[in-house]
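Numbering (the numbering used here), first residue to last: 5 to 399.
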Amino acid sequence: MQRRPALHAVLASAVLAAFAALPARAAGQTPFKIGFILPMTGQQASTGKQIDAAVKLYMAQNGTTVDGRKIELIVKDDGGAPDMTKRIAQEMVVGDKVDVLAGFGITPSAFAAAPIATQSKTPMVVTAAATSAITERSPYIVRTSFTLPQATVPIADWAAKNGIKKVVTFVADYGPGLDAEKFFKSQFTLDGGQVVGEIRTPLKSPDFAPFLQKVADLKPDAVFVFLPSGQGAAFMKQFGERGLDKSGIRLIATGDVTDDDQLADMGNVALGVVTSHHYSAAHPSAVNKKFVAAFEAANHFRPNFMAVAGYDGMHLIYNALAATQGKGGGDALLAAMKGQIFESPRGPILIDAQTRDIVQDIYIRKVERVPAMGNQLYNVEFDVQKAVKDPGKTK
Ligand code: DHB
Numbered sequence: 005m006q007r008r009p010a011l012h013a014v015l016a017s018a019v020l021a022a023f024a025a026l027p028a029r030a031a032g033q034t035p036f037k038i039g040f041i042l043p044m045t046g047q048q049a050s051t052g053k054q055i056d057a058a059v060k061l062y063m064a065q066n067g068t069t070v071d072g073r074k075i076e077l078i079v080k081d082d083g084g085a086p087d088m089t090k091r092i093a094q095e096m097v098v099g100d101k102v103d104v105l106a107g108f109g110i111t112p113s114a115f116a117a118a119p120i121a122t123q124s125k126t127p128m129v130v131t132a133a134a135t136s137a138i139t140e141r142s143p144y145i146v147r148t149s150f151t152l153p154q155a156t157v158p159i160a161d162w163a164a165k166n167g168i169k170k171v172v173t174f175v176a177d178y179g180p181g182l183d184a185e186k187f188f189k190s191q192f193t194l195d196g197g198q199v200v201g202e203i204r205t206p207l208k209s210p211d212f213a214p215f216l217q218k219v220a221d222l223k224p225d226a227v228f229v230f231l232p233s234g235q236g237a238a239f240m241k242q243f244g245e246r247g248l249d250k251s252g253i254r255l256i257a258t259g260d261v262t263d264d265d266q267l268a269d270m271g272n273v274a275l276g277v278v279t280s281h282h283y284s285a286a287h288p289s290a291v292n293k294k295f296v297a298a299f300e301a302a303n304h305f306r307p308n309f310m311a312v313a314g315y316d317g318m319h320l321i322y323n324a325l326a327a328t329q330g331k332g333g334g335d336a337l338l339a340a341m342k343g344q345i346f347e348s349p350r351g352p353i354l355i356d357a358q359t360r361d362i363v364q365d366i367y368i369r370k371v372e373r374v375p376a377m378g379n380q381l382y383n384v385e386f387d388v389q390k391a392v393k394d395p396g397k398t399k
């Protein structure tokens, strides 16, 4: 009777010794923590909802271990308020000891977190915010969404080639809107067009009516619009209510306005609107059809461009962790993220090793009812500029 505990003790220490000899990750090393900071509430809540759903779909499809290392996902709501983003980023880095920061629904949130990524040498994967300069705020930032100059230049080219000579620009008055305004004007002017008015609307709770009246008064051939994800439906409703859709003034925009999250409910006023963007839920590739079907089955709503950037952000992080054999480490992960190439539901993408920004195809699309897809409204792609680098980096 006396010998059994002693035998147990011997066995226990033998087991411990065996574990100690294994590589750390196989012996139940700490999980690899990915900290997403997203606007789950407030004006940008649809961005949080879309990215959260896509990240969870990615994990359901690809498992929760990479090279034997357990993945732990942490999602926190910053309400789209940059001081909250900053506080949460600090808590995640110091308290949770996250290996990667991710998310960032709007530009001010990404700007607020950038110094924390730099100080802590934590890779920061931006899956939403799209002002060109974001990646220049920290050498630890990598982006899987897009940039406004990247999305804007192709629609300026399209407008100039399609008989549009005078344009009023109409943008949300902050980082991405100012990028859209500036790059539309420079490209369209270069193409021989003229910008005859520049309108900026407040980011918070905008009432578009007085600004739309200005557009009507200026009588341009077209109005070019950038508004952040979530504002498109309200804009489109007021555009229709003021009769602008029947005024002969064409509406062109970046795809943020004809956002797949809201498009199905916009109604006929959206028909024929031409936009440029990197993602449409109607993108006709096999990879995208599979992605959309799985996303809709899991969530009962359509994925938009935010969802795709979140899904690809997870793929980038999983690939980087696998490249370090599950060990991770800020600088090693960052090095493994640079230069990655893979096929996204949007098409082929590359993380440019120099700028850490995304290189991708930008499509020209038109809103149509698609009989083969439940007769719902979709952005139907009809032209493309291949492998567009952020023009904001090369000027
Ligand atoms: C940003 C936010 C958006 O919702 C969007 O569609 C584009 C850019 C931003 O704040 O950077």
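Glycine residues also receive a C-beta, built at the ideal position from the N, C-alpha and C atoms.
Only a predicted model underlies this, so the values are computations on that prediction, with no experimental measurement involved.
C-alpha distance - Leu216 paired with Pro127, whole-angstrom precision: Within the sequence shown, numbered from 1, the residue matching residue 216 stands at position 212. Within the sequence shown, numbered from 1, the residue matching residue 127 stands at position 123. Roughly 41 Å between the two C-alpha positions.
Quick one: grab the DSSP three-state call for Phe115. Walking along the sequence shown from the start, residue 115 turns up at place 111. If DSSP states are grouped into helix, strand and coil, Phe115 belongs with the helices.
Name the two residues that bound the continuous beta strand (DSSP E) containing Lys74. One-based indexing of the sequence shown puts residue 74 at position 70. Looking at the DSSP string, the run of the beta strand (DSSP E) that includes Lys74 is 73-81.
Where the beta strand (DSSP E) containing Thr258 begins and where it ends: As a first step, residue 258 must be located in the sequence shown, where it is residue number 254. First-last of the beta strand (DSSP E) with Thr258: 254-258.
How is Pro143 classed by DSSP in three states: helix, strand or coil? Within the sequence shown, numbered from 1, the residue matching residue 143 stands at position 139. In the structure shown, Pro143 sits in coil (DSSP, three-state: anything other than H, G, I, E or B).
Does the ligand DHB have even one heavy atom less than 7 Å from the beta-carbon of Thr156? Counting from one through the sequence shown, the residue named residue 156 turns up at place 152. Every heavy atom of the ligand DHB is 7 Å or more from the Cβ of Thr156, so no.
For Gln48 and Asp361, the rounded distance between their alpha carbons: In the sequence shown, the residue the question calls residue 361 occupies position 357. In the sequence shown, the residue the question calls residue 48 occupies position 44. So the alpha carbons of these two residues sit roughly 23 Å apart.
Alpha carbon to alpha carbon, how far is Asp365 from Lys74? Give it in angstroms, no decimals. Position 70 of the sequence shown holds residue 74. Position 361 of the sequence shown holds residue 365. Near 34 Å, if we compare the C-alpha coordinates of Asp365 and Lys74.
Contact under 8 Å by Cβ, Met341 with Ile353: Here residue 341 refers to the residue found at position 337 when the sequence shown is read from its first residue. Here residue 353 refers to the residue found at position 349 when the sequence shown is read from its first residue. Not in contact: Met341 and Ile353 (Cβ atoms no closer than 8 Å).
Return helix, strand or coil for Val277, following the three-state DSSP convention. As a first step, residue 277 must be located in the sequence shown, where it is residue number 273. It is coil, neither helix nor strand.
3-residue-minimum beta strand (DSSP E) runs that sit fully inside the region 141-193, ordered along the chain: 145-147, 170-176
Rank Ala290, Met88, Asp249 by C-alpha distance to the C-alpha of Thr45 and give the top, closest one. Taking the first residue of the sequence shown as 1, we reach residue 45 at position 41. Of the candidates Ala290, Met88, Asp249, the one whose C-alpha sits nearest the C-alpha of Thr45 is Met88.
From which residue to which residue does the alpha helix (DSSP H) around Pro352 run? Here residue 352 is taken as the residue at index 348 of the sequence shown, counted from 1. Looking at the DSSP string, Pro352 is not in any alpha helix (DSSP H); the run it does join, the beta strand (DSSP E), is 351-355.
For Leu207, which residues of its own chain have a beta-carbon under 6 Å away from its beta-carbon, when the five flanking residues on both sides are left out? Within the sequence shown, numbered from 1, the residue matching residue 207 stands at position 203. So the list reads Ala176, Tyr178, once near-sequence residues are dropped.
With respect to 7 Å, is the separation between the Cβ of Gln389 and the closest non-hydrogen atom of the ligand DHB below this value? Here the question's residue 389 lines up with position 385 in the sequence shown. No.
My output table needs one value for Met318: the three-state DSSP class, helix, strand or coil. By one-based count along the sequence shown, residue 318 stands at place 314. Correct three-state label for Met318: helix.
Is the beta carbon of Gln48 within less than 7 Å of some heavy atom of the ligand DHB? The residue given as residue 48 occupies position 44 in the sequence shown. Within the cutoff, so yes.
On the DSSP letters alone, give me the boundaries of the beta strand (DSSP E) that Asn383 sits inside. For this step, residue 383 is matched to residue 379 along the sequence shown. That run of the beta strand (DSSP E) goes 380-392.
Inter-residue CB distance, Thr193 and Gly396 (contact presumed, cutoff 8 Å): Taking the sequence shown and counting its residues from 1, the one referred to as residue 193 is at position 189. Taking the sequence shown and counting its residues from 1, the one referred to as residue 396 is at position 392. Not a contact, Cβ separation roughly 17 Å.
Sequence-distant residues of the same chain with beta carbon closer than 6 Å to Gly1, five excluded per side: Lying outside 5 to 399, the shown extent of the chain, residue 1 is not represented and no answer is given.
Which same chain residues end up closer than 8 Å to Ala274 when comparing Cβ atoms and leaving out the 5 residues on each side of it in sequence? Locating residue 274 in the sequence shown gives position 270, counting from the first residue. For Ala274, where only same-chain residues beyond five positions count, the Cβ hits under 8 Å are Met240, Thr262, Leu267, Val371, Leu381.
Following the continuous alpha helix (DSSP H) through Ile110, name the residue where it begins and the one where it ends. On the sequence shown, position 106 is the one that residue 110 refers to. First-last for Ile110: undefined, no H or E at that position.
Under 7 Å: does the beta carbon of Pro86 sit that close to some heavy atom of the ligand DHB? The residue given as residue 86 occupies position 82 in the sequence shown. Flag unset: Cβ of Pro86 not near the ligand DHB.
Looking only at its chain, what residues have a beta carbon closer than 6 Å to the beta carbon of Gln191, apart from the 5 residues adjacent to it on each side? Translated into positions along the sequence shown, residue 191 becomes position 187. Cβ within range, chain order: Val157, Ala160.
Which of helix, strand or coil DSSP assigns to Ala313: Here residue 313 refers to the residue found at position 309 of the sequence shown. It is helical.
How many angstroms separate the CA atom of Ala64 from the CA atom of Ala298? For the purposes of this step, residue 64 is identified with residue 60 of the sequence shown, where counting begins at 1. For the purposes of this step, residue 298 is identified with residue 294 of the sequence shown, where counting begins at 1. C-alpha separation (whole angstroms): 10 Å.
Pro27 to Leu325 span [Cα, whole Å]: The count along the sequence shown starts at 1 and reaches residue 27 at position 23. The count along the sequence shown starts at 1 and reaches residue 325 at position 321. In this prediction, Pro27 scores a pLDDT of 48, lower than 50, which makes its location untrustworthy; the coordinate-derived value is nonetheless stated afterwards. Answer to the nearest angstrom: the Cα atoms are 16 Å apart.
Backbone CA spacing between Thr68 and Pro307 [nearest angstrom]: In the sequence shown, the residue the question calls residue 68 occupies position 64. In the sequence shown, the residue the question calls residue 307 occupies position 303. So the alpha carbons of these two residues sit roughly 22 Å apart.
Go through its chain and collect everything with a Cβ distance to Gly330's Cβ below 7 Å, but skip five positions before and after it. Taking the sequence shown and counting its residues from 1, one reaches residue 330 at position 326. The answer, listed in chain order, is Arg29, Val70, Asp71, Gly72, Arg73.
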